[in-house]
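Remarks on the structure that follows.
Protein chains: 2
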Amino acid sequence: MAAWAERLAGVRGVLLDISGVLYDCDAGGGSAIAGSVEAVARLKQSHLKMRFCTNDSQKSRGELVGLLQQLGFDISEDEVTSPAPATCRILKERGLRPHLLIHERVRSEFDEIDTSNPNCVVIADAAESFSYQNMNKAFQVLMELENPVLISLGKGRYYKETSGLVLDVGAYMKALEYACGIKAEVVGKPSPEFFQAALQAIGVEAHQAVMIGDDIVGDVGGAQRCGMRGLLVRTGKFRPTDEHHPEVKPDGYVDNLAEAVALLLQHANK
Amino acid sequence: MAAWAERLAGVRGVLLDISGVLYDCDAGGGSAIAGSVEAVARLKQSHLKMRFCTNDSQKSRGELVGLLQQLGFDISEDEVTSPAPATCRILKERGLRPHLLIHERVRSEFDEIDTSNPNCVVIADAAESFSYQNMNKAFQVLMELENPVLISLGKGRYYKETSGLVLDVGAYMKALEYACGIKAEVVGKPSPEFFQAALQAIGVEAHQAVMIGDDIVGDVGGAQRCGMRGLLVRTGKFRPTDEHHPEVKPDGYVDNLAEAVALLLQHANK
Numbered sequence: 001m002a003a004w005a006e007r008l009a010g011v012r013g014v015l016l017d018i019s020g021v022l023y024d025c026d027a028g029g030g031s032a033i034a035g036s037v038e039a040v041a042r043l044k045q046s047h048l049k050m051r052f053c054t055n056d057s058q059k060s061r062g063e064l065v066g067l068l069q070q071l072g073f074d075i076s077e078d079e080v081t082s083p084a085p086a087t088c089r090i091l092k093e094r095g096l097r098p099h100l101l102i103h104e105r106v107r108s109e110f111d112e113i114d115t116s117n118p119n120c121v122v123i124a125d126a127a128e129s130f131s132y133q134n135m136n137k138a139f140q141v142l143m144e145l146e147n148p149v150l151i152s153l154g155k156g157r158y159y160k161e162t163s164g165l166v167l168d169v170g171a172y173m174k175a176l177e178y179a180c181g182i183k184a185e186v187v188g189k190p191s192p193e194f195f196q197a198a199l200q201a202i203g204v205e206a207h208q209a210v211m212i213g214d215d216i217v218g219d220v221g222g223a224q225r226c227g228m229r230g231l232l233v234r235t236g237k238f239r240p241t242d243e244h245h246p247e248v249k250p251d252g253y254v255d256n257l258a259e260a261v262a263l264l265l266q267h268a269n270k
Numbered sequence: 001m002a003a004w005a006e007r008l009a010g011v012r013g014v015l016l017d018i019s020g021v022l023y024d025c026d027a028g029g030g031s032a033i034a035g036s037v038e039a040v041a042r043l044k045q046s047h048l049k050m051r052f053c054t055n056d057s058q059k060s061r062g063e064l065v066g067l068l069q070q071l072g073f074d075i076s077e078d079e080v081t082s083p084a085p086a087t088c089r090i091l092k093e094r095g096l097r098p099h100l101l102i103h104e105r106v107r108s109e110f111d112e113i114d115t116s117n118p119n120c121v122v123i124a125d126a127a128e129s130f131s132y133q134n135m136n137k138a139f140q141v142l143m144e145l146e147n148p149v150l151i152s153l154g155k156g157r158y159y160k161e162t163s164g165l166v167l168d169v170g171a172y173m174k175a176l177e178y179a180c181g182i183k184a185e186v187v188g189k190p191s192p193e194f195f196q197a198a199l200q201a202i203g204v205e206a207h208q209a210v211m212i213g214d215d216i217v218g219d220v221g222g223a224q225r226c227g228m229r230g231l232l233v234r235t236g237k238f239r240p241t242d243e244h245h246p247e248v249k250p251d252g253y254v255d256n257l258a259e260a261v262a263l264l265l266q267h268a269n270k
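Heads up: the sequence lines are chains U and H, in that order.
Counting from 1, one number per residue, gives the positions in the first sequence under UniProt numbering.
Counting from 1, one number per residue, gives the positions in the second sequence under UniProt numbering.
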């Protein structure tokens, strides 16, 4: 048993990243990571509170949950904290009308948002829609605004598809930030507000919670900055160099979600 | 007469940016900026040395010069300092075999370069070729290298086509830098080596030279950091906010190249 597992003592709530922890996505859908379906089922049967906390912005929450159910996961929409609904709340509160640079599959999440005469740009994981033409359009909207507002659904650097690593929204956010000389507002991990919203949904304090993810900076580092513990799985986008990250030191490394859950169930009560 | 024109005293050499100073480009070719054809002719007839210094990496040097000749400019290939030939020299010197993320029109500049089994990525203004697919390919090549090397032909934020402002290579360079956690090497303005190469070609010292461009950071700021003077034209990508730039203060502003040349011919000898 890893000595660090003692650090799981006192954990009451678990936040789970989805892509790279539950499953690996690809253009056709995705495949469950070995042991993850059972690990989620074990967590649900335990005394621990849990919530899914994802930056996935390429699919609507309904589509993502439907896909995971098909793969065998016990998951429902109201257990998922994801950036699109959080962004819609911000847009409404601030009277923002976005130009949307997003994937067609997530457009339904913005059905109730006024997109006429845009006064901001919202960027998500648009994948193939990150064309030169679409990037120029978003850039031009920002350059015509007196006070350009760019909202990014997450700022991930890359993620893993079954075919290999691919660029995430953060890379394109940086392109627009540089071109326009502005700083984006990030909705999603590692934003503290986003983690807090996930914790509030299960009524758990940060110091009682652990985040399990495959992104050492966005998941683990972000959670730790909020006062949570953070475990890094060696699945998804994990790379061996992550074990020598210059800034982020996870509370522990696990081979996969199954190992994380086994250790949690053994040590969280202590 | 603007008081600042006194600062042109002692100038012996002139570096001219091309896009936005000589002409505005567009998908079909471009159009000369009013007065610029005559201004170049006046400079050539004067005692001042001159050289064209461009970051244009979307066309081969031959194609760019051919286009400018069609527009009426007196210009030849051996008067132009541009990043593609400078990059080829670096690749050969260091034994680098690039994966090329470039526009088809500039590919001929790399005809003599070995691109098998790439050990670096070269990025230029690829325009429509900045697809999600092509960006992922370049990203994956970099992520597979133990010591990833990214060479960027310039780092411009944007430039002006007749249809409006469009993203330049710098935005995509930033996207790859962020995704890979690396820093690109820039060949082109504002790299001091690039300005120095242009000055050497005409045998003029930096303190005797002035750069005329439409990019306040890349042209004017870059030239000033090399000890040159820098004039900003109010053509091309110029925007009124450039006159209140927080960091770069040009030695002077001119409405266009024609005004710059008139002032130079009047004051440079003093």
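Quick reminder that beta carbons are idealized off the backbone N, C-alpha and C, glycines included.
I believe residue i touches residue j by the beta-carbon criterion, under 8 Å. Please report the beta-carbon distance rounded to the nearest angstrom.
i: Phe52 of chain H; j: Glu79 of chain H; result: 6 Å
i: Ala258 of chain U; j: Ala39 of chain U; result: 5 Å
i: Lys183 of chain U; j: Asp219 of chain U; result: Not really, about 22 Å apart at Cβ, beyond 8 Å.
i: Leu91 of chain U; j: Gly30 of chain U; result: The pair is not a contact, with the Cβ atoms about 29 Å apart (cut-off 8 Å).
i: Lys137 of chain H; j: Asp24 of chain H; result: Not a contact, Cβ separation roughly 31 Å.
Quick one: what does DSSP say residue i is sitting in, helix, strand or coil?
i: Lys44 of chain H; result: helix
i: Met228 of chain H; result: coil
i: Glu112 of chain U; result: coil
i: Ile212 of chain U; result: strand
i: Val166 of chain U; result: strand
i: Glu247 of chain U; result: coil
i: Ala184 of chain H; result: coil
i: Val217 of chain U; result: helix
i: His207 of chain H; result: helix
i: Ala32 of chain H; result: strand
i: Val233 of chain H; result: strand
i: Phe238 of chain U; result: coil
i: Val80 of chain U; result: strand
i: Phe52 of chain H; result: strand
i: Gly222 of chain H; result: helix
i: Ser129 of chain U; result: helix
i: Gly62 of chain U; result: helix
i: Val21 of chain U; result: coil
Would residue i and residue j qualify as a contact pair, given that the criterion is a beta-carbon distance under 8 Å?
i: Gly252 of chain H; j: Leu231 of chain H; result: yes
i: Arg229 of chain U; j: Val254 of chain U; result: no
i: Ala268 of chain H; j: Leu16 of chain H; result: no
i: Gly181 of chain U; j: Val169 of chain U; result: no
i: Lys49 of chain H; j: Gly13 of chain H; result: yes
i: Leu142 of chain U; j: Asn119 of chain U; result: no
i: Arg105 of chain U; j: Gln70 of chain U; result: no
i: Ile33 of chain H; j: Thr235 of chain H; result: yes
i: Ala201 of chain H; j: Thr54 of chain H; result: no
i: Ile102 of chain U; j: Val121 of chain U; result: no
i: Val21 of chain U; j: Val233 of chain U; result: yes
Please decide whether residue i counts as near chain U, where near means a Cβ-Cβ distance under 8 Å.
i: Cys206 of chain H; result: Note that residue 206 of chain H corresponds to Ala in the displayed sequence, not to Cys. No, because no Cβ of chain U sits closer than 8 Å to the Cβ of Ala206 of chain H.
i: Met50 of chain H; result: no
i: Met211 of chain H; result: no
i: Glu128 of chain H; result: yes
i: Gln140 of chain H; result: yes
i: Leu167 of chain H; result: yes
i: Arg105 of chain H; result: no
i: Ala184 of chain H; result: no
i: Asn269 of chain H; result: no
i: Asn55 of chain H; result: no
Quick check on residue i - is its C-beta less than 8 Å from some C-beta in chain H?
i: Phe238 of chain U; result: no
i: Met228 of chain U; result: no
i: Tyr172 of chain U; result: yes
i: Gly30 of chain U; result: no
i: Ser131 of chain U; result: yes
i: Gly164 of chain U; result: yes
i: Tyr178 of chain U; result: yes
i: Asn119 of chain U; result: no
i: Ala175 of chain U; result: yes
i: Asn147 of chain U; result: no
In terms of residue numbering, what span does the alpha helix (DSSP H) encompassing residue i cover?
i: Lys174 of chain U; result: Val169 to Cys180
i: Ile90 of chain H; result: Pro83 to Arg94
i: Glu144 of chain H; result: Tyr132 to Glu144
i: Glu259 of chain H; result: Leu257 to His267
i: Glu193 of chain H; result: Pro192 to Ile202
Hey, could you find the ends of the beta strand (DSSP E) residue i is sitting in?
i: Ile123 of chain U; result: Cys120 to Ile123
i: Val14 of chain H; result: Gly13 to Leu16
i: Ile151 of chain H; result: Leu150 to Leu153
i: Pro98 of chain H; result: Pro98 to Leu101
Hey, does residue i have any beta-carbon neighbour from chain A nearer than 8 Å?
i: Arg157 of chain U; result: Of the protein chains in this structure, namely U and H, none is chain A.
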